[in-house]
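> This is the structure I have questions about; it appears just below.
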Amino acid sequence: MRRPARLGTALAFGLCGCPAVEAPPRTTSARAVGAASVTSVAQVACPPDATWPRALPPAAWAPLPPAEGVVAWSYERREPGAALTYPRAIAAAPDGGAYVVDRTGWLLRLDADGRPRAAARAPDPGQGGPTGLCVDARGRLLVADTHNSRVLVYDPDLRLVEAMGEPGHEDGRLLLVTGVAEDADGRRYVTDHGDHVARVQVFSPAGELLLRFGRRGAAPGELIRPRAVAVHGEWVAVADAGNHRVQVFGRDGVLAQVIGGLGAGPGELNQPYGVAFDAAGRLWVAELGNHRVQVFDAAGEPLATWGEPGRRPGQLDQPWGVATAGDRIYLLDARNDRLHALRAEVLLASR
C-alpha cells in the first residue's frame, strides 16, 4: 500500500478581499507525490461580517405527507426564487437541527422541526454555490465553497468569521472544494479535485498541512471526483463519486475498505454524493445516480435502502447530501427541492 504524503505546509486564513501578510517560509518534512508544495503561511485580518444579520429568505415551503412511517417530516419548495432551490449540502447542528445550503448560496440554520432560524448568503456563489458542510467542535459551520477554492467558517448564528484557502494545484492549495470534515483532534479533512488532481488534504486547526492522500485514478486508494468526506473515530469515509464507491481510510491516510461499485443492487452504488456516519458507526450514503440512500454496517455490508426515482412520497430525484443526528437522518432531495428527516430505526427495521 502506498503511503500518503506528509507535509508541513499551510493554508491561508482570512476573509475574501482582505490584504495578506506573508509569514516566513516553512520547509516540508516530505515531498508530495506528483505535486509541488506550498511553503508559506498567509495571515489575513478578518473584519466583522457587514452582511449580518441577514433577513430570512422567502421560504415558501410546504410540508409533505409522511411516507411509510420512515419520514418524520419533509419540506418542499413551492415558489420560484425561494430558499431550498436544489439543496446541495447538509450538516447536523448540535441542537438536533440542521444547516443546509442550496445552489443559489443560501445558508440556513433549521430547528429540529425544519423551521428556519437563521440565514446567510455565501459570498460569490458563482457557478453553483457551496457543496459541503460540517459543524466543528466549537459549533461553527465549515462550508466547502466549491468554485471559490476555499473553506468558509461561520459562527452558530451564521456570521462569517474566517476563510481558508488559496487556489492552486499544489498540495496545500485548493481546487474545486467539495467536502470538509473535522475529527476529534480538530484536524480538518478537505476533499478537492480538478484537472489531474483528486485528493484529501488534512490540515491542523492553525491551517498547517499535515497529510495528503489519494490521487486521480481508479485503483484502490485513488479517486475520481471525490464529493464528500465524513469522519468517525479513526475512520475517514470519502464519497468517490466518479468511481461509484466509498473508500474508507484510516486517519493516517492508509486505505482500509472499499464499499460499492457501479450498480443498483444492494451494496452497489451509483454516484455517491453524500456520506455520514451515525453514532453506531453505520455509514449512510446518498446516491445521486440511484436516487436513494443506502446504509452499511461497520464491515461494509449493506443493511437497508430507502427511495426510488420520482416525485411522490418515498421517492427521490438526485439526493446530494445526508447527515445524522441521533435517530434522525437528514436527506437532501436536490432536484425535487426537498428536505427529508428520516427515522433511522424505522428505516432499518423495514429492510
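Residues 397 to 747 (our numbering) are what the sequence shown spells out, left to right. For glycine and all other residues, C-beta sits at the position ideal for the given N, C-alpha and C.
What are the start and end residues of the alpha helix (DSSP H) that includes V740?
Note that residue 740 is Ala in the sequence shown here, rather than Val. Unbroken alpha helix (DSSP H) run through A740: A740 to A745.
> Quick one: what's got a C-beta closer than 7 Å to G685's C-beta in the same chain, skipping five residues either side?
N666 and Q667.
> If I'm right that Y669 touches A637 with Cβ under 8 Å, what's the distance once you round it to whole angstroms?
Their Cβ separation, rounded to whole angstroms, is 6 Å, which keeps Y669 and A637 in contact under 8 Å.
> Use the C-beta contact count for P420: other C-beta atoms within 10 angstroms, 16 or more gives buried, fewer gives exposed.
Bear in mind that the predicted position of P420 carries a pLDDT of just 30, short of 50, making it unreliable; the figure below should be weighed with that in mind. Exposed: under 16 other Cβ atoms inside 10 Å.
> My guess is that D753 and L712 are in contact by the Cβ rule of under 8 Å, so how many angstroms apart are they, rounded?
Shown here, the chain extends from 397 to 747; a query on residue 753 therefore has no answer.
> Tell me which residues share the same chain as P490 and place their Cβ nearer than 6 Å to its Cβ, disregarding the 5 neighbours each side in the sequence.
Same-chain partners within the cutoff: G535.
> Closest to G659 by CA distance: which of H640, Q653 and P476 is it?
Looking at the Cα atoms, H640 is the closest of the given residues.
> Can the beta-carbon of L556 be found less than 8 Å from the beta-carbon of L548?
In this structure, L548 lies closer than 8 Å to L556 by Cβ.
> Nearest CA to the CA of A675: which residue from D579, A721, G661 and L607?
The residue with the shortest Cα to Cα distance from A675 is A721.
> V650: which of L744, A633 and G677 sits nearest, CA to CA?
Ranking the options by Cα distance to V650, first place goes to A633.
> Throw me the rounded Cβ distance for the Y550 and A515 pair, which I believe falls under 8 Å.
That belief does not hold up - the Cβ atoms of Y550 and A515 are roughly 11 Å apart, past 8 Å.
> Kindly indicate which residue of P521, R647, P601 and A672 has the alpha-carbon position closest to the one of R623.
Comparing Cα positions, the closest option is A672.
> Pick helix, strand or coil for G670, following the three-state DSSP scheme.
Residue state, collapsed to three classes: strand.
> Could you have a look at H543 and say whether DSSP puts it in helix, strand or coil?
It is helical.
> Please report the residue range of the beta strand (DSSP E) in which L506 lies.
Counting along the chain, the beta strand (DSSP E) containing L506 begins and ends at W502 to L506.
> Are D723 and A740 close, meaning C-beta to C-beta below 8 Å?
Taking 8 Å as the Cβ cut-off, D723 and A740 qualify as a contacting pair.
> Are the beta-carbon atoms belonging to Q653 and G617 less than 8 Å from one another?
Cβ atoms of Q653 and G617: not closer than 8 Å.
> Which residue wins for smallest C-alpha separation from G525, given the options G603, A494, G568 and H543?
When each option's Cα is compared against that of G525, the closest is H543.
> Cα separation between G522 and A745?
Distance between the alpha carbons of G522 and A745 is about 42 Å.
> I620 to R608, Cα distance in whole Å?
Rounded to the nearest angstrom, the two C-alpha atoms are 15 Å apart.
> Return the residue from the list L537, I486 and E472 that minimises the CA-CA distance to R731.
When each option's Cα is compared against that of R731, the closest is E472.
> By the three-class DSSP mapping on this structure, what secondary structure does A494 have?
In this structure, A494 counts as strand in the three-state DSSP scheme.
> Please classify H758: is it buried, with 16 or more other beta-carbons within 10 angstroms of its beta-carbon, or exposed?
In the structure displayed, the chain extends from 397 to 747; residue 758 sits before or after that span and is not available.
> For A559, does the count of other Cβ atoms within 10 angstroms reach 16, so buried, or fall short, so exposed?
Buried.
> Given a cut-off of 8 Å on the beta-carbon distance, is the pair H736 and L727 in contact?
Yes, the Cβ-Cβ distance between H736 and L727 is below 8 Å.
> Determine the DSSP secondary structure at G638, reduced to helix, strand or coil.
G638: helix per DSSP, three-state reduction.
> Which residue from R583, T574 and L460 puts its Cα closest to that of I486?
Ranking R583, T574 and L460 by Cα distance to I486 puts T574 first.
> Let me confirm a value: P483 is counted as buried when at least 16 other C-beta atoms fall within 10 Å, else exposed. Which label applies?
By the 10 Å Cβ count, P483 comes out buried.
> Identify, in the order they occur along the chain, each residue of the same chain with its Cβ nearer than 8 Å to the Cβ of A468, setting aside the five sequence neighbours on each side.
Cβ neighbours of A468 beyond the five flanking positions: P462, R724, A737, L738 and R739.
> With a CB to CB cut of under 7 Å and the five nearest residues on each side skipped, what residues in its chain are close to G493?
Only R505, L506, D507 and A508 meet the Cβ criterion.
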